[in-house]
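Here's the structure we're looking at; comments come further down.
Number of protein chains: 2
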Amino acid sequence: MKVLLIDDDIELVELLTEYLSSHGFSITAYHRGDTGLSHAQTHDYDVILLDVMLPGIDGFEVLKQLRQTKLTPVIMLTAKGEDFDRIFGLELGADDYLAKPFNHRELLARVKAITRRIENIQQLANNSLEENGIRLTPHTREAFAAENKIELTGTEFEILFLLLNNQGEIVSKEAISEQVLGRKLAPFDRSIDMHVSNIRKKIAEHIEQEKIKTVRGAGYILLGSA
Amino acid sequence: MKVLLIDDDIELVELLTEYLSSHGFSITAYHRGDTGLSHAQTHDYDVILLDVMLPGIDGFEVLKQLRQTKLTPVIMLTAKGEDFDRIFGLELGADDYLAKPFNHRELLARVKAITRRIENIQQLANNSLEENGIRLTPHTREAFAAENKIELTGTEFEILFLLLNNQGEIVSKEAISEQVLGRKLAPFDRSIDMHVSNIRKKIAEHIEQEKIKTVRGAGYILLGSA
DNA sequence: AAAGCAATTTACATAACCTTTACATTGCTT
DNA sequence: AAGCAATGTAAAGGTTATGTAAATTGCTTT
């Protein structure tokens, strides 16, 4: 994870660099608005930490110009006692703010939250739910096993989707019947067994290890990655 | 811009509806988590404002379930004094949060900030769309398949246009009926099937590969480049 | 009113696919 | 080991959605 830090407080920059580095981030720092901006415009970061009060051009202006070309998430940092216009920041496209002096742990939490959110959005933009070699994209109803496309029928897709959403947990046949087939499970209804059998067959063409485990008397489980 | 508001505070809902309406948004409101969720899952909004404390199911659960199928940006609203786990909300895929009581201008700024960001992301995604051999010019209503002009009727053009704008995604017959034909899809209405059949025939004169795929029980999908 | 189109409906063929049946197998209990 | 219930699955059956030619309707133009 790459973080760009634009702040003229040398001491703070050093502290943060050390702290974030020790948590697995790689940090690049600039101390002026103008130079920081041109660097940000030409390089890709996962998050930018941007001080409001900066030599060169101020943080708001940096954000405004940056937003004309980049969507990189920005957390704005405000100096102690500084009168910060949060609404203005939001309108310019800031993603979060933090008032100095701030707790390092809180900064870390926010950076992580933002990077995770970006990941989530990208994942959702691909529309995929990926786990242990099984990937489903609800939007297009496509399914992949170990990156090989498999053709599932509507019901098969829904069942696998349900299992994937409850990965590692037992899903009862009753639940599958009600949620996917839309009816109560009748005593000798073997329909779900058949669907599961067919799904397994299709997955097995690409993945050797059995993914859908039967829990006798209880239901089915989609095994987790471990 | 369409906003879905899920909040059980009737008074707040009325105030917000009035305020946001006056700024050009159209508002739909639900007062329970369960009903709000099922509506959100089946309709498209630009932003969802979601209260955390809700009758039915709580806001976190609504968000979690919604995120399984929809990308709609969500701003979470927290009641006064409520202990809100912000990081948890972000992890579930919330896009922002706001503590009550909040300033209306701030809410508006955040809604606008989010819709703008989403637009940007969508724009970026569209720019990377590859050519798939189908080209429509809405202005002159001309259609081309592999650069050969094809003659489409008005309805055919509209349907193909809709599919193209949702390239790679399933478009249901219901959606086509409502958006193109301007009426609800009736039980034995085969009109859309015929239009699709005719469009396919015309495309097939110039492109061998089937472009419009049927997803049984779900709708049609215009395939991307691959 | 006839002609010309486009949209829709009808009618039937076909394909997809869900379910049932039937029998084999597994796993648990006694 | 026997017995029983649950599960696996191939094959058959039946239902529903879809494809499409052809007829019909509806609208506009001539």
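Order-wise, the sequence lines are chains H and F.
Counting with our numbering, you get residues 1 to 226 for the letters of the first sequence.
Counting with our numbering, you get residues 1001 to 1226 for the letters of the second sequence.
By construction, the Cβ of each residue, glycine as well, lies at the ideal position given by its N, Cα and C atoms.
Exposed unless 16 or more other CB atoms sit within 10 angstroms - verdict on residue i
| i | result |
| --- | --- |
| residue 1194 of chain F | exposed |
| residue 1094 of chain F | buried |
| residue 211 of chain H | buried |
| residue 1187 of chain F | exposed |
| residue 1014 of chain F | exposed |
| residue 135 of chain H | buried |
| residue 60 of chain H | buried |
| residue 1065 of chain F | buried |
| residue 1287 of chain F | There is simply no residue 1287 of chain F to check, as chain F begins at 1001 and stops at 1226 in what is shown. |
| residue 1075 of chain F | buried |
| residue 196 of chain H | buried |
| residue 1148 of chain F | exposed |
| residue 1157 of chain F | buried |
| residue 161 of chain H | buried |
| residue 1036 of chain F | buried |
| residue 182 of chain H | exposed |
| residue 16 of chain H | buried |
| residue 150 of chain H | buried |
| residue 1288 of chain F | A query on residue 1288 of chain F cannot be resolved here, the shown segment of chain F reaching from 1001 to 1226 and no further. |
| residue 142 of chain H | buried |
| residue 10 of chain H | exposed |
| residue 33 of chain H | buried |
| residue 96 of chain H | buried |
| residue 1220 of chain F | buried |
| residue 1113 of chain F | buried |
| residue 180 of chain H | buried |
| residue 18 of chain H | exposed |
| residue 1003 of chain F | buried |
| residue 215 of chain H | exposed |
| residue 1025 of chain F | buried |
Nearest candidate by alpha-carbon position, reference residue i, set the options
| i | options | result |
| --- | --- | --- |
| residue 1111 of chain F | F:1030, F:1142, F:1023, F:1140 | F:1023 |
| residue 1069 of chain F | F:1152, F:1003, F:1039, F:1154 | F:1039 |
| residue 140 of chain H | F:1108, F:1058, F:1170 | F:1170 |
| residue 105 of chain H | H:163, H:205, H:20 | H:20 |
| residue 1199 of chain F | F:1145, F:1003, F:1016 | F:1145 |
| residue 7 of chain H | H:41, H:79, H:45, H:25 | H:79 |
| residue 29 of chain H | H:50, H:214, H:67 | H:50 |
| residue 1153 of chain F | F:1034, F:1201, F:1100 | F:1201 |
| residue 138 of chain H | F:1177, F:1142, F:1176, F:1218 | F:1218 |
| residue 1132 of chain F | F:1053, F:1056, F:1012, F:1164 | F:1164 |
| residue 62 of chain H | H:114, H:168, H:207, H:5 | H:5 |
| residue 1108 of chain F | F:1001, F:1223, F:1213, F:1204 | F:1001 |
| residue 1103 of chain F | F:1206, F:1044, F:1012, F:1203 | F:1012 |
| residue 31 of chain H | H:58, H:41, H:45 | H:58 |
Test: residue i CB closer than 9 Å to a CB of chain F
| i | result |
| --- | --- |
| residue 186 of chain H | no |
| residue 99 of chain H | no |
| residue 204 of chain H | no |
| residue 94 of chain H | yes |
Cross-strand partners of residue i (DSSP beta bridge)
| i | result |
| --- | --- |
| residue 148 of chain H | H:145 |
| residue 1002 of chain F | F:1026 |
| residue 1099 of chain F | F:1078 |
| residue 171 of chain H | H:220 |
| residue 213 of chain H | H:221 |
| residue 163 of chain H | DSSP, once it has assigned bridges, lists no residue as partnering residue 163 of chain H. |
| residue 1135 of chain F | F:1144 |
| residue 1048 of chain F | F:1004, F:1074 |
Test: residue i CB closer than 9 Å to a CB of chain H
| i | result |
| --- | --- |
| residue 1006 of chain F | no |
| residue 1019 of chain F | no |
| residue 1040 of chain F | no |
| residue 1113 of chain F | yes |
| residue 1126 of chain F | Model confidence at residue 1126 of chain F stands at a pLDDT of 44, short of 50, so the residue's coordinates are unreliable and nothing is read from them. |
Closer than 8 Å: residue i CB and nearest the ligand MN heavy atom
| i | result |
| --- | --- |
| residue 132 of chain H | Ligands displayed in this structure: none; no statement on the ligand MN is therefore possible. |
Taking a cut of 7 Å between CB atoms, which residues from the segment 128-158 of chain H lie near chain F?
138, 139, 140, 141, 154
Using a beta-carbon distance cut-off of less than 8 Å, what residues from the segment 1210-1223 of chain F approach chain H?
1215, 1216, 1217, 1218, 1221
Residues in the segment 1054-1085 of chain F with C-beta within 8 Å of chain H's C-beta atoms, listed in sequence order?
1067, 1068, 1069, 1071
Which of the residues in the segment 1157-1186 of chain F, read from start to end, lie with their CB under 7 Å from any CB of chain H?
1168, 1169, 1170
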